[in-house]
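Taking this note's numbering, I'd label the letters of the sequence shown as residues 317 to 495.
Backbone N, C-alpha and C define an ideal beta-carbon position, used for all residues, glycine too.
Let me begin by presenting the structure, written as structure tokens, before commenting on it.
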Amino acid sequence: SVGAGPGICSPNRTHLLSNGSFEQPSIVNAFTANSWAVYGGGNSPGNFPSQPSIPGWIAQSPYQVELQRNTLFNSPSASGVQHAEIDAVGEIFLRQGVQTQADAVYEIRFAYASRPGIGAQQMGVFVNGNRVGTASTAGTAHGSGLSWNCYSFTFVGNGGQMIVGFGSLMLAAHRGLFS
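Written as structure tokens, this is what we have:
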């Protein structure tokens, strides 16, 4: 899972990313008692209906992104009440464009957790298609809840729009990376 909004990893600062803690849209899915839903177009597994996109984000994959409420896994989100599962049904790359100033140093700070019971997992952090960092965990036991870790990576602005993204580096049995 990934969360890049205000919270445990983000002190009071200006936030580069829009909707970084994935609070929008609010999860509505009667089938899951509003605890999770798949968003962003693309293919969806089973009986999951297509949902709207996630404001501020573009999912670059044939699959949808799963948003989860902090009640799933009996664990709070790192920030707010929702977070995104980047590798819910297959490899996902979630990105957004940000305006930068030439030669300014930018920090990408976020919380990351692996899905309990899946094992080791990795997620890449990308800027303009280049990996600037990797978040990884050894995994946690099934039923243990989410264990959030803070990560921080920097990049230098080019004076124009740059694409910042998060993407799965390892398929974890098609389940897994929380932000």
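Residue closest to F442, alpha-carbon to alpha-carbon, out of H399, V480 and S334: Looking up residue 442 in the sequence shown gives position 126. For F442, the nearest C-alpha among the options comes from V480.
Sequence-distant residues of the same chain with beta carbon closer than 6 Å to S334, five excluded per side: Here residue 334 corresponds to residue number 18 of the sequence shown, with the count starting at 1. Cβ within range, chain order: G372.
Other residues of its chain near V397: CB distance less than 8 Å, five sequence neighbours each side excluded: Residue 397 sits at position 81 when you count from the first residue of the sequence shown. Result list for V397: E339, R385 and N386, in chain order.
Those residues which DSSP pairs with N465 across a bridge: Here residue 465 refers to the residue found at position 149 of the sequence shown. Answer is Y428, bridged to N465.
Opposing strand residues paired with W352 [DSSP bridges]: The residue you call residue 352 lines up with position 36 of the sequence shown. Note: W352 sits in a beta bridge opposite Q384.
Contact under 8 Å by Cβ, V421 with V381: Counted from its first residue, the sequence shown places residue 421 at position 105. Counted from its first residue, the sequence shown places residue 381 at position 65. Result no, Cβ atoms of V421 and V381 do not sit closer than 8 Å.
Own chain partners of S452 with C-beta closer than 6 Å, once the 5 adjacent residues on each side are dropped: In the sequence shown, residue 452 corresponds to position 136, counting from 1. These residues qualify, in order along the chain: Q438.
Separation of V344 from S468, as counted between CA atoms: Taking the first residue of the sequence shown as position 1, residue 468 is located at position 152. Taking the first residue of the sequence shown as position 1, residue 344 is located at position 28. Approximately 31 Å between the Cα atoms of the pair.
Contacts around D419, its chain only, beta-carbon distance under 7 Å, and the 5 residues preceding and following it disregarded: Indexing the sequence shown from 1 puts residue 419 at position 103. Taken in chain order, the residues that qualify are V472 and G473.
Reduced DSSP category for F338 - H, G, I as helix; E, B as strand; rest coil: Position 22 of the sequence shown holds residue 338. Reduced to three states, the DSSP call for F338 is coil.
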